[in-house]
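Student:
There are 2 protein chains.
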Amino acid sequence: MTVVEGVARYRPAQMRVITAALGLFAEHGVSGTSLQMIANTMGVTKAAIYYQFKTKEEIVLAVADLELAGLEAAIEAAEAEGRTTRAREVLLERVVDLAIERRHMVGVLQTDPVMMRFLAEHEPFVRVTDRLFAVLLGDAPDAAGWVRGAMVSGAIAGALAHPRVAQLDDATLRAHLLALTRRVVDLPHQTDGH
Amino acid sequence: MTVVEGVARYRPAQMRVITAALGLFAEHGVSGTSLQMIANTMGVTKAAIYYQFKTKEEIVLAVADLELAGLEAAIEAAEAEGRTTRAREVLLERVVDLAIERRHMVGVLQTDPVMMRFLAEHEPFVRVTDRLFAVLLGDAPDAAGWVRGAMVSGAIAGALAHPRVAQLDDATLRAHLLALTRRVVDLPHQTDGH
DNA sequence: GTCTATAAATGGATAGAC
DNA sequence: GTCTATCCATTTATAGAC
C-alpha cells in the first residue's frame, strides 16, 4: 500500500525514472537536479521522461511516495505490537535498518528543502509522520516528545550524511545508531536480536 | 576571525547580500535560490549584486563562512577550558544557543546538498568540524565517537527543522535540546546556569 | 553602487514522427 | 516508449551608461 491514495503501483518504466531521480536528488538536491540530468543518467531524452510523468513535481511526489512506503511498513509492524515498549523497540530497529539499507539516499527525505515542503504540505505524508511519532512517543506527545522525535529522525539522517560515518560498515553503524537513539527515546540498553 | 584565510571582513553592501541570501537559502535551498530572487528581496537588480560578488558561488562561500564564524567562537570558548568535561559542557551549551539564535536558518548549513558539498570540499570548513568534534569527543574519535558527533549535529538541525518544534519558545526548546544532546555525548544531567 | 540592456545557456514543457 | 525539434521562461553573467 502506498501513501498516496488511488496510486497503487508504478510502471517499470516509471520505476527507472524514480530510481535515477532518487540518486541524483541525493547528490544534487531536488532543485539542483534537472530533467536533462535524469535523462542523461538513464540514457534517454527528456521527452521520454515526460511520457512517464507529466511534470517534474510528479517525479518528486513519486520519489517521496516510494521512500515513505518503507517507513509505513515499519510503522505497521510496530503497531501490531500495540502501544507497548516492545512496539517502540520494533519501530526503532526497523527504522534504523531501513536507514542503513538506504544509507546515501536517506538524506533526500529529510535534508532537501523541496522535499521538506512536500512532506509538510501533502497530508498523506504528514499522517505517516504522525503515526510514527505516536508509536514512538505515545498518542499525544508533549513538547519534550516532539523534540525527542524530531531529534531522533534528524540524528539518524545526520549520522548517515556525515562523510566519516559513511566509511563504517553496516553492522557497526547499526549498533551505534541503535544504542544512541535508544538513549534519546528512553529505551533500555540491550543487545539486539540479530 | 573568519574561516577563509585572507578574507578578513565583508563590506556593508556585501553583508546585505549575504543576509538576503541566507534567508532565501533556508527557505528554498541554494539551488532553488536565483540571483533574481536575492535581488528582488533586496530591492535592487542582479547587476548590483554582481558588483559585490563575482559569482553565485562566492555568495554561497560567504554565507557558509559567516555561519561557521559563530561556531568557531564557540569552539574557542570551549578550548579555553582545556580538554575537560567542563569544556564539552561549554561547547554544547554554546552550540545549542547558537542554533536557537538562528532557528530557521540552521538547516541551511547541514540540510542543503550544495552546502554540504561546500563544507566537505573546502578544507577550512572541514577543520572547523574536526576541532568541534575533538573538543566534544576527544582528539582521536573512534567509530562510536564519529557517530555520536554526527548524530548530535543532525539531531539539533533535525529538531529545529521540524514544524511542530518550531512552535516552541526559545527557553523550552533550549532546555529539551540540551537535555537530550547531553545524553548522546555522555554528559551528566544538570540544571544549566541561565 | 546601481541601473538598463543583452548575451549565451539551460530550465521545464509540448507537438508530432517513428 | 522513445525520438527530434521547438517554444518560452528563466538562469548566470557581462558591458557600459549614470
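Heads up: the protein sequence lines correspond to chains A and B, in order.
When you line the first sequence up against numbering that gives the first Met the number 0, it's residues 0 to 193, in that order.
When you line the second sequence up against numbering that gives the first Met the number 0, it's residues 0 to 193, in that order.
A virtual CB, placed ideally from N, CA and C, is assigned to each residue, including glycine.
(1) Taking A:Glu26 as the reference, which of A:Gly148, A:Met41, A:Thr110, A:Pro123 has the closest Cα?
(2) Using CA coordinates, which residue listed in B:Arg182, B:His188, B:Leu176 is at the minimum distance from B:Arg93?
(3) With a cut-off of 8 angstroms, do at least 3 Cβ pairs link the stretch 156-175 of chain A to the stretch 142-156 of chain B?
(4) I think A:Val59 touches A:Val113, with their Cβ atoms under 8 angstroms apart; what is that distance to the nearest whole Å?
(5) When you compare the CB of B:His27 with every CB in chain A, is at least one pair closer than 8 angstroms?
(6) Among A:Arg130, A:Met104, A:Gln35, which one has its Cα closest to the Cα of A:Ala73?
(7) Shortest alpha-carbon distance to A:Leu179 belongs to which of A:Val16, A:Leu167, A:His161, A:Val151?
(8) Give the range of the alpha helix (DSSP H) segment to which A:Leu135 is assigned.
(9) Could you check if A:His188 is buried or exposed, using at least 16 other CB atoms within 10 Å of its CB as the buried criterion?
(10) Is the beta carbon of B:Ala12 less than 8 angstroms from the beta carbon of A:Gly153?
(11) Spatial neighbours of B:Thr171 within its chain, please: C-beta separation below 6 angstroms, excluding the five flanking residues on both sides.
(12) Would you please verify whether the beta carbon of B:Met41 is less than 8 angstroms from any beta carbon of chain A?
(13) Which value, in whole angstroms, describes the spacing of the CA atoms of B:Met115 and B:Leu108?
(14) If you count every other CB in all the chains shown that lies within 10 Å of the CB of A:Gly42, and 16 or more means buried, which is it?
(15) Taking the CB atoms as reference points, tell me whether B:Ala68 and B:Val134 lie closer together than 8 angstroms.
(16) Can the beta-carbon of B:Leu34 be found closer than 8 angstroms to that of B:Leu186?
(17) For the alpha helix (DSSP H) that contains A:Lys53, what are its first and last residues?
(18) Would B:Ala156 and B:Val105 be called neighbours here (beta carbons separated by less than 8 angstroms)?
(19) Listing by chain order, which chain A residues have their CB less than 7 angstroms from the CB of B:Arg182?
Tutor: This is what the structure gives:
(1) Taking A:Glu26 as reference, the option from A:Gly148, A:Met41, A:Thr110, A:Pro123 with the minimal CA-CA separation is A:Thr110.
(2) In terms of Cα proximity to B:Arg93, the closest of B:Arg182, B:His188, B:Leu176 is B:Leu176.
(3) Short answer: they touch.
(4) That pair is a contact at about 7 angstroms.
(5) At least one CB atom of chain A sits nearer than 8 angstroms to the CB of B:His27.
(6) That would be A:Arg130, whose Cα lies nearest to the Cα of A:Ala73.
(7) Comparing Cα-Cα distances from A:Leu179 to each of A:Val16, A:Leu167, A:His161, A:Val151, the minimum goes to A:Val151.
(8) Element bounds for A:Leu135: 122-136.
(9) With fewer than 16 other Cβ atoms within 10 Å, it is exposed.
(10) Their beta carbons are not under 8 angstroms apart, which means B:Ala12 does not touch A:Gly153 by this criterion.
(11) Same-chain partners within the cutoff: there are none.
(12) Chain A, which has no Cβ nearer than 8 angstroms to the Cβ of B:Met41, makes this no.
(13) Per the coordinates, the alpha-carbon of B:Met115 lies some 7 angstroms from the alpha-carbon of B:Leu108.
(14) Under this definition A:Gly42 is an exposed residue.
(15) No, Cβ-Cβ distance for B:Ala68 and B:Val134 is not below 8 angstroms.
(16) With a cutoff of 8 angstroms on beta-carbon distance, B:Leu34 and B:Leu186 are scored as not near each other.
(17) Taken as a continuous stretch (DSSP letters only), A:Lys53 belongs to no alpha helix (DSSP H), as it is neither H nor E.
(18) Cβ distance < 8 angstroms, so B:Ala156 and B:Val105 count as in contact.
(19) Those within 7 angstroms of B:Arg182 in chain A are Arg182, Val183.
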